[in-house]
Every structure is written in C-alpha cells, then in structure tokens.
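Here the sequence shown is numbered in the numbering used here, starting from 53 and rising by one per residue. Positions of the beta carbon are idealized from the N, C-alpha and C atoms, including for glycine. None of the values given here were measured: they were computed from a predicted structure.
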Amino acid sequence: MDAIDREMKCQNNLNDILAIWNKTWRDFENATVGKQVFIFGMGAGADFYFDKYARHSEIAGFIDNNPKLQGKKACDYIFFPSIRIDESMIITDISPLIKLSPDKVLVLIASLKHYGEIAEELVDIGITNYFSIFCMEVNYRLTHNIPESIDRKRAFIEYFQKGNLLRNDKIFIQSIYNYGGHLKAIVEELKKQRPSLDVVWVQPENIELDKNANVRIIRQENYFACLHEYVRSKIWLIDGVYSFGDKPQGQICIQTKHWSSITLKSFYYDEAEFRRDEKVKEWLDKETKHMDYILIGSEFDMETCESGFNFHKNFVKVGSPRSDILFRKNKCREKIKKTYPCLNEKKTLLYAPTFRYQPNPEQYTPNAMIFENQLDFEVLKKSLDDSFGGEWFLLVRLHPSLLNRTWHVKLSSYVVDVSEYPDSQELVAGCDALITDYSSIMFEPAFVKKPVFLFTTDREEYLLKDRKFLIDYAELPFPIAESNEELAKNIANFNYDIYVKNIDAFFDKYDVHEDGHASERAARFILDLLDGKVHEGAPRDELDYRIERG
C-alpha cells in the first residue's frame, strides 16, 4: 500500500470526487505542451509524481502554503531520481503565479488532501488550468482495476538490497543534533585523515547547519533521498535509535550514543523497564538489532550500554569524542561572545537543566516534556560575583526537547538564553562554570576541572516519576543544593583543591579517563573498518581503540 492507496481508503466518496475531478494523466501530458508547469505542494504526492511520471515534463517552479518551507531549496524536500532539477530552485508562495499570464501556466496540485482548497485559491487569481495528482491517479487505478500498490519505501529498500551498491568511501549519519555531539567530532577527524570521504548527514530539524560543516546535508523530510544515500553507505553512524528496516548486506552500523563516557540516568531498555512499557521494549527489539558496534569510554559505559541497549556484541573503547574540544586550545569563548556581544569581558556560568515528564507517568510521550524554572538568577549572580570575583553572566540552555515550548521566565540583562546556540559542547568549552540538575552534561566540564554545581529541588519526585539513576546521586563529586540558599552557600564555600581531589577519585572509580583524543581513536577504528584492517587485542599505541566483547 502506498500513499495514494492510504488516502483512497480515507476518502470514501471517490466516485463523487471523480465526477468533478475526471481528468487523466493523458489529459495532463497533452496540456503541458507550451505551458510552464508548477508543482503546488511538497508532500507525499510530489514524491509519488517525481518517482513515476515526472520525466514527461519540465518544472518551472515549486509552491507551498507552508511558510516554513518557503525560501528553502526544493531538492531538500523532494527526491528526483529520474530527472534533473535545478538545485538552486526554491519553494515559494503563490505570488509568482500572479505575475504570469494564466494561459501560459499549468499547476499540478500535489497535495493528497487539500486539492479542493488549492483549486479555489488558484481560481481566485484567475488560473483554471490545474490538475490533481491524487485524482488523476485514483481515476487510473479505478478504471484499470489496479490492486493495492506495493509500498514504495519497502520496494525501494528491497530493490537496492539485491545488488552490492555499498561504497567504501561513503558514510551515512543520523543524529539527534544539527551537526553536533560525538558525530561532529568524529566526522571532522575523519575528514582530516581522509578528505575524500563522502559523508552524508541527515538534518533532524528545520534550521541551518554550520556553513563550515564538511558534510553533505539531507533533510530527514526528504525520505527517499535519505534512502538513496543510506543503501550506498558502507558505514551507518547513529547516536540514538533509528531504522530504515533491514540493512543492506555488508553495511556496518555504529552506535555512538549522545552522552559522554559516563551517564547518570537510565536509558532505552532500562527506562522502558522502569516505566513497565512493553510497547517501547517491542520497538527497541525491532530497532536495535541492526547495531554492530557501540563506541564507549569506560567499563561503566560498557556495562550500562549492555543493559540500556540490550547489546552483547562488540564495544569499542575510544573515549568521549565530543569532549575532546575541552582539552584543546579553542576559540569557543570568542565564538560565543561574537554571537552574544553582551558577554565581552564577562565570566560565564552555563545553566543546563534537563526536562521532566508531565506529572502523570501515564503521559509518557515525547510531547509530555516540561521544565519549570526554580533557580533564582539574582541570588546566583550575587553569589558568583562575591565568591569568584569579576562580573558574571548566566547562560541558560534548555534541553533540545523543550526548544519549541514557551519558557515563562523574565530574563534579566545578565541572563542570556543560549538554547538555540547550535553546539552545546562549545558552550561547555567556553564557560567558566556549570550548573545542572540531572543532565549527564555535568561530567564533561569536570573532565578539565571546571567547577560544577548541582541544583535539585525535586529529586525524590524525579526518581519516582521520571528516570532511574545508574549512580547514587549522593555519591556524585559535585556540591549538591536543594534550594537557592543552599546553592549560594555551596558557591561561597567552594574549595577548588578539594573539588579536584573528589572528581579525580570519582572518575578513577568509574574508569573514566579522558585525554582529548577520543575522536582520533574513533576515526582510526572507522577507517580500519573501511579498509578491512580492524584489529583486536591490545591497542597499538595511546591513540588507538580497543575492542571489548559484550
């Protein structure tokens, strides 16, 4: 069943529709002669058209009523397997049609649901020469007694799995980040060591990536373009749980995670167990089976990934690639201050709390994430100014899952919302101290001995309703406060020498030893995979990976 079949099942009045929309594909083909053809709508209908019929016409433009798509490149949203489309062609609103003579224009309505409303919109500006992809295809299928079509996605994958199309110079990446995290650090090291690699990054959100990103970008909305790249990639890198179905034979999937070499909270299978959610477990059973390796940074990391991913194959000890930036001379501080000029000559503390789920545990869905601020910024700033000297500004970064939610907090002149800054690791590298609650970002500033403070006003409730901890919270080497007054005291009484001893002892206990070279180890491992030279046993040197068996 394809998108047309699914929509046909939803619309029960097909004969009534065809009584009005009775044009055929032959009518459309004849009508295109001497006309400028515009596609109106960028969804599944357009995908269907370009897969099956588009070779018969040239396209003059793309139109969509969604303001978020307007101004974007059409090739970012539609896959063109059989024809060439000018890659600079952008999606517009309806205004270009108004400037053209109606007798020179033909509009192909690609929306499978709103073709009627779009037709009325076209008539209002004097255009009556329009066709509906959905209605023409329904007409064809009913008059030719066509059975349900094979699902195009499944057919696409099955077709390419028959042949050995994998390229040893091609890497496909799916990430929760827009060019960030471990995968960004690994990619930059890979491209440094082997510039000829073709690295394709699936962009998860509708924001622009770093212009300096040394990768090719494909938007996740452009599903078939993603599939086209995926089935040709020897290496598939992920930092979450994703799937395109069965992998092409010979493809290697590497899980990098999206936390560092140690994490506080349960995840995936362990979280599903905590919530007694059998549906999530079933989904994980289906979606994690394709993983071949997991990159880790410690024995603790390996143990928790065995449990959290229910994974018992190969672990590759490399460290925390995204944390490498903390150990290097970098320009993160200058870059941040260039983005936020008010931070010049200021010391900065990054406040990076995690989200909570809605109070009712039964509301455990991705859209049930909330955060209510309890931190007194005025008290915090005074504590920092008095205890550490200088003038401090507070950088607030909400969890990425909360970016599209309204945050009802009045920010003072010394509080800067950096939630939309593209790279959290640059913020960690550029700040002077950090405050969080239950986010595992707490460990990363400590790798380079930066002060970290914990602020938790709801710990018992969080443990009861949100997540299980993998480490006893009281054992953490950071000063813990349950109120603003206690946080102020912890800052005033902060002893750096004692703090360093505590975090060194903690990291020793959990086998966490970061040195700023994790991305180099990860890159060496991936290049060895591509070259068929993966080794086991002892590392060749200090900058080499080690494979552990689960």
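Per-residue DSSP class, three states only, for residue i
i: Trp288; result: strand
i: Ser184; result: strand
i: Asp475; result: coil
i: Ala112; result: strand
i: Thr144; result: strand
i: Lys125; result: strand
i: Leu152; result: coil
i: Asp176; result: helix
i: Leu395; result: helix
i: Glu443; result: coil
i: Leu582; result: helix
i: Tyr416; result: Its pLDDT being 44, under 50, Tyr416 is placed unreliably by the model, and nothing is read from it.
i: Thr458; result: Unreliable positioning characterises Thr458 in this predicted model, as indicated by a pLDDT of 48, which lies under 50. A coordinate reading is not provided.
i: Ile377; result: helix
i: Asn197; result: coil
i: Gly95; result: coil
i: Tyr231; result: coil
i: Lys433; result: helix
i: Arg592; result: coil
i: Val190; result: helix
Beta-ladder partner(s) of residue i, from DSSP
i: Ala485; result: Leu401
i: Arg598; result: Lys369
i: Leu463; result: Note: Leu463 sits in no beta bridge, so no partner.
i: Trp253; result: Ile225 and Ile269
i: Leu158; result: Val89
i: Arg219; result: Ser285
i: Asp469; result: Val448
Buried or exposed (CB count within 10 angstroms, at least 16 for buried), residue i
i: Lys369; result: buried
i: Ser535; result: exposed
i: Glu496; result: buried
i: Thr195; result: exposed
i: Gln245; result: exposed
i: Gln303; result: buried
i: Gly360; result: buried
i: Arg573; result: buried
i: Leu516; result: exposed
i: Gly123; result: exposed
i: Val89; result: buried
i: Leu463; result: exposed
i: Pro405; result: buried
i: Lys317; result: buried
i: Asp601; result: In the sequence as presented, Asp is not what sits at residue 601; that position holds Arg. Flag for Arg601 reads exposed.
i: Ile170; result: buried
i: Ile72; result: exposed
i: Thr391; result: exposed
i: Thr356; result: buried
i: Ile150; result: exposed
i: Val85; result: exposed
i: Ile223; result: buried
i: Asp54; result: buried
i: His342; result: buried
i: Val175; result: exposed
i: Ala544; result: exposed
i: Arg58; result: exposed
i: Gly371; result: buried
Supposed contact pair residue j and residue i - C-beta distance, whole angstroms, cut 8 Å
i: Ser350; j: Ala570; result: With a Cβ gap of about 11 Å, Ser350 and Ala570 do not count as contacting.
i: Thr76; j: Met188; result: 6 Å
i: Ala481; j: Leu378; result: 5 Å
i: Leu486; j: Lys501; result: That belief does not hold up - the Cβ atoms of Leu486 and Lys501 are roughly 12 Å apart, past 8 Å.
i: Phe102; j: Ile142; result: Phe102 to Ile142, Cβ: 17 Å. No contact.
i: Gly113; j: Thr144; result: 7 Å
i: Leu450; j: Trp444; result: Going by Cβ atoms, the distance from Leu450 to Trp444 rounds to 20 Å, so no, they are not a contact pair.
i: Pro531; j: Phe505; result: 5 Å
i: Ile238; j: Pro373; result: 5 Å
i: Ile314; j: Ile287; result: Not confirmed; about 26 Å, so no contact.
i: Gly233; j: His310; result: 5 Å
i: Ile346; j: Phe363; result: 6 Å
i: Ile270; j: Val293; result: So it is not a contact: roughly 19 Å between Cβ atoms.
i: Tyr551; j: Phe577; result: Wrong, their Cβ atoms sit about 34 Å apart, outside the cutoff.
i: Ser163; j: Gly97; result: 6 Å
Mind listing, in chain order, the continuous alpha helix (DSSP H) runs of no fewer than 4 residues lying wholly within the stretch 292-374? Runs of the alpha helix (DSSP H) inside the stretch 292-374: 321-327, 330-339 and 351-360.
Unbroken stretches of the alpha helix (DSSP H), 4 residues or longer, contained in the stretch 57-82: Qualifying alpha helix (DSSP H) stretches, in chain order: 66-72.
Segments assigned beta strand (DSSP E), at least 3 residues, entirely inside the stretch 477-561: The qualifying runs are 485-488 and 504-507.
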